[in-house]
Amino acid sequence: MVLSTSLNDKVTSRMMSIIQKEGVFYFQTDQTFRKYHQLINNKNVALCMDNLQIEGICRELGHPLDYPAFTALYQECFPGSFERYSSLSHERLFSVTPFYMERWIYKGGVPFIETMDMGKQEYHLYEYKGI
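The working numbering applies: residue 92 is where the sequence shown begins, and numbers increase by one.
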């Protein structure tokens, strides 16, 4: 997935190895990276993959190896990244709790936008007709 972070009106994006468990997204990163500094100072993030866009709140959990449920799933999905990075002392685990999701879907070639607002507990599916 693509993770977008921002700080002081500067937005950056990068590809990340992200897992999802029970509606929460998880990733790890190094404390020395720019994205870590952005995450610590601005918890609002966006994730994107294919036709899915997610807005959420991010929080640092600690060292990845301190979370067995994460490490088991991360090792299964991304064995190379797990072996190379998860045990490094500066690695930190983050969770993203979504508050808004939007995706484009097509039914019989007709475009629809599907939205889920977790805060308002609202779901909408509407046909996109343009202006």
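Where a beta carbon is used, it is the ideal one built from N, C-alpha and C, also for glycine.
Every value quoted in this text rests on a predicted model; they were computed, and no experiment measured them.
Boundaries of the beta strand (DSSP E) in which residue i is found, first to last residue
| i | result |
| --- | --- |
| Gln129 | Taken as a continuous stretch (DSSP letters only), Gln129 belongs to no beta strand (DSSP E), being part of the alpha helix (DSSP H) at 125-132. |
| Leu216 | 213-218 |
| Met106 | 101-106 |
| Leu94 | 93-98 |
Cα-Cα separation, residue i to residue j
| i | j | result |
| --- | --- | --- |
| Gly221 | Ser178 | 49 angstroms |
| Ile196 | Asp208 | 17 angstroms |
| Gln166 | Gln122 | 20 angstroms |
| Thr96 | Gly200 | 33 angstroms |
| Glu193 | Ile204 | 7 angstroms |
| Ser180 | Leu152 | 14 angstroms |
| Glu213 | Thr103 | 29 angstroms |
| Pro159 | Leu94 | 23 angstroms |
| Leu216 | Asn142 | 14 angstroms |
| Glu174 | Tyr117 | 17 angstroms |
Sheet register partners of residue i (DSSP bridge)
| i | result |
| --- | --- |
| Phe223 | Any question about residue 223 goes unanswered here, given that the chain covers just 92 to 222. |
| Glu193 | Gln144, Thr206 |
| Leu138 | Leu94, Ile145 |
| Gly153 | Leu184 |
Residue interval of the alpha helix (DSSP H) (run including residue i)
| i | result |
| --- | --- |
| Ser178 | Counting along the chain, Ser178 falls outside any alpha helix (DSSP H), and DSSP gives it neither H nor E. |
| Tyr165 | 159-168 |
How about the region 157-164 and the region 127-136: do they share at least three Cβ pairs that are nearer than 8 angstroms? no
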